[in-house]
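Participant: Submitted below is the structure of interest, expressed as structure tokens.
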Amino acid sequence: MNLFQWITVPLFVGLAIASAVATRRGRITRGLGIFWTLLSLGAATGIWDPDSTRVAAGVLGIGRGADLVFYFAIAGGAIAFFAVFVRLRSIEGQITELVRQMALASPIVPPAGDAARANAAAGDERARPPRAD
Amino acid sequence: MPGRPRLPPASIWIVVAAFNERPAIARVAGDLLACWPNVVVVDDGSTDGTGEAAVRAGATVVRHAVNRGQGAALATGVQYALRRGAAAIVTFDADGQHRAADVERLVAALAAHDADVALGSRFLGGPAARRTMPPARAWLLRAAVLWTRLQTGLAITDTHNGLRAFTRRAAGLIRWRADRMAHASEILDEIRHHDLRFVEVPVEIDYTGYSLAKGQHGLQAFRVVIEYLVDLVTR
Chain S
-6 MNLFQWITVP LFVGLAIASA VATRRGRITR GLGIFWTLLS LGAATGIWDP DSTRVAAGVL
54 GIGRGADLVF YFAIAGGAIA FFAVFVRLRS IEGQITELVR QMALASPIVP PAGDAARANA
114 AAGDERARPP RAD
Chain V
20 MPGRPRLPPA SIWIVVAAFN ERPAIARVAG DLLACWPNVV VVDDGSTDGT GEAAVRAGAT
80 VVRHAVNRGQ GAALATGVQY ALRRGAAAIV TFDADGQHRA ADVERLVAAL AAHDADVALG
140 SRFLGGPAAR RTMPPARAWL LRAAVLWTRL QTGLAITDTH NGLRAFTRRA AGLIRWRADR
200 MAHASEILDE IRHHDLRFVE VPVEIDYTGY SLAKGQHGLQ AFRVVIEYLV DLVTR
């Protein structure tokens, strides 16, 4: 093993263990936990034994191990991006709902309609300030 | 033609979503309040005093603390109106493009046609109804009509007209989820999904330099489509 392998293989193994522990403790969903665990173990395996990527590529009908890694990186990135995007949209919706409920809790109802309109038409800047409903 | 009794004005709420419309909101609210007693302006996080101007004009104001988009503002206004017991709700643009007199036409159409939704259409009123429309805008809107027809099957002549009327039932059924401009397409989707009876009503649109500057630009149409497609997948 070279220095790069000594550094990165334990890191990815550690990540796999951390994902498994987080899944067991309910901090992440089972699906996400399995995904990160397998991904980490796969990365550790590929770095530990670079020839394994060639074997895996051959099983899948892909020419080179490096191509397999590249394709997985692209696919993984796309999946991660989509997951983050969906999560962001969900958060946006929650923010909107929060802002909405705050707004509905404090509507501003103007004084008696005719008086308010007359004041506005006359440009009377001394009109009474509105009261909250 | 079968119809329903006309709704009394006091049972109708007009919802105006406004973002930085201080130059126009007082006149818009004033024109509406001259005929309709219940007008709620949803101030969508404006920074130019739009809300204050609307209150001075006599409208009820519900204020978003931060800007969330026209769709979100309309949904807030609809919820407010429903909570106040509205029998019908009319949405109306804040930039002065719509005419207050057309509200009566939409409300009357709901009753006359026993419809759940009345949709304003600038293309039914003949050339005079859109005499100041920029040609590029006309083509963009026609493309939107074609997109809607392909996507929903609904034969609607003006798919992005903010002047619409809903019965209480329709307003309660429709899921108002799109925060920004994709809400227009979402409303049509919901009409189809819930099989709501709709009628189109000729209305006039006044294009002014101010309203054109505030309105959507050509490239934003792509954003609307993308937002709509994303919402289909993610919500």
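Top line first, the protein sequences correspond to chains S and V.
Numbered per my numbering, the first sequence spans residues -6 to 126.
Numbered per my numbering, the second sequence spans residues 20 to 254.
All C-beta atoms, glycine included, are put in the ideal place defined by N, C-alpha and C.
Classify S/P43 as helix, strand or coil using the three-state DSSP reduction.
Facilitator: Residue state, collapsed to three classes: coil.
Participant: For V/W32, list the residues DSSP reports as bridge partners.
Facilitator: V/I108
Participant: Have a look at the DSSP bridge pairing and note the partners of V/E322.
Facilitator: Here chain V covers residues 20 to 254 and nothing more, so residue 322 of chain V does not appear.
Participant: Please list the terminal residues of the continuous alpha helix (DSSP H) segment that includes V/F185.
Facilitator: Where V/F185 is concerned, there is no enclosing alpha helix (DSSP H), although the beta strand (DSSP E) it sits in stretches over 183 to 186.
Participant: Could you tell me the alpha carbon to alpha carbon distance between S/G24 and V/R156, rounded to whole angstroms?
Facilitator: 47 Å
Participant: Tell me, please, whether the CB atom of V/H117 is closer than 7 Å to any CB atom in chain S?
Facilitator: no
Participant: Note down, in chain order, every chain S residue with its Cβ under 8 Å from the Cβ of V/A91.
Facilitator: T89, V92, R93
Participant: Alpha helix (DSSP H) containing V/V47: first to last residue?
Facilitator: Residues 41 to 52.
Participant: Could you check which residue in S/W41, S/I88, S/F(-3), S/L32 has the C-alpha nearest to that of S/I10?
Facilitator: S/L32
Participant: Any idea what DSSP makes of V/V85, helix, strand or coil?
Facilitator: coil
Participant: Please confirm whether V/A72 and V/V58 have their CB atoms less than 7 Å apart.
Facilitator: no
Participant: DSSP three-state label for V/T79, please.
Facilitator: strand
Participant: Please list the partners that S/P103 has in chain V, where partner means a Cβ-to-Cβ separation under 9 Å.
Facilitator: A73, V74, R75, A76, G77, A78, T79, V80
Participant: Name the two residues that bound the continuous alpha helix (DSSP H) containing V/D214.
Facilitator: Per DSSP, V/D214 belongs to no alpha helix (DSSP H) and is neither H nor E.
Participant: I think V/S140 touches V/D177, with their Cβ atoms under 8 Å apart; what is that distance to the nearest whole Å?
Facilitator: 4 Å
Participant: Within this structure, are the beta carbons of V/A113 and V/V47 separated by less than 7 Å?
Facilitator: When the beta-carbon positions are compared, V/A113 and V/V47 come within less than 7 Å of each other.
Participant: Nearest-angstrom Cα distance between V/A134 and S/A71?
Facilitator: 45 Å
Participant: Does any CB atom of chain V fall closer than 7 Å to the CB of S/L97?
Facilitator: yes
Participant: In terms of residues, what are the limits of the alpha helix (DSSP H) holding S/D60?
Facilitator: 58 to 98
Participant: Beta carbon of V/A43, beta carbon of V/V61: below 7 Å?
Facilitator: no
Participant: Hey, does V/H83 have any beta-carbon neighbour from chain S nearer than 7 Å?
Facilitator: yes
Participant: If I measure Cβ to Cβ from V/D50 and keep anything under 7 Å in the same chain, skipping five residues before and after, which residues do I get?
Facilitator: Cβ neighbours of V/D50 beyond the five flanking positions: A119.
Participant: Relative to the C-alpha of V/L159, which candidate in V/N180, V/A100, V/G115 has its C-alpha closest?
Facilitator: V/N180
Participant: Within 10 angstroms of its Cβ, does S/G26 collect 16 or more other Cβ (buried), or is it exposed?
Facilitator: buried
Participant: Please report whether the beta-carbon of S/P43 lies at a distance below 7 Å from any beta-carbon of chain V.
Facilitator: no
Participant: Please confirm if V/R87 has its CB atom under 7 Å from at least one CB of chain A.
Facilitator: The displayed structure is made up of protein chains S and V, and chain A is not among them.
Participant: Pick helix, strand or coil for S/I101, following the three-state DSSP scheme.
Facilitator: Assigned with DSSP and collapsed to three states, S/I101 falls in strand.
Participant: Output yes if chain S places a C-beta closer than 7 Å to the C-beta of V/T66; else output no.
Facilitator: no
Participant: For V/T110, would you say it is in contact with chain S, using Cβ-to-Cβ distances shorter than 7 Å as the test?
Facilitator: no
Participant: How would you write the range of the alpha helix (DSSP H) that V/D63 sits in, first residue to last?
Facilitator: It is not in any alpha helix (DSSP H) - V/D63 instead sits in the beta strand (DSSP E) that spans 58 to 63.
Participant: Measure from the C-beta of V/Y226 to each C-beta in chain S and report whether the shortest distance is under 7 Å.
Facilitator: no
Participant: Please list the residues of the segment 197 to 211 of chain V that have a C-beta atom closer than 8 Å to any C-beta atom in chain S, keeping them in chain order.
Facilitator: D198
Participant: When DSSP labels each residue in this structure, what does S/N112 get in the three-state scheme?
Facilitator: Residue placement at S/N112 is poorly supported in this model, since its pLDDT is 46, which falls under 50; the coordinates still yield a value, given next. S/N112: helix per DSSP, three-state reduction.
Participant: Using a C-beta to C-beta distance shorter than 8 Å, which residues of chain V count as neighbours of S/P100?
Facilitator: V59, T79, V80, V81, Y99
Participant: Between the Cα of V/Y99 and the Cα atoms of S/V2, S/A68, S/A96, which residue gives the shortest distance?
Facilitator: S/A96
Participant: Are the CB atoms of V/T186 and V/R211 within a distance shorter than 7 Å?
Facilitator: No, Cβ-Cβ distance for V/R211 and V/T186 is not below 7 Å.
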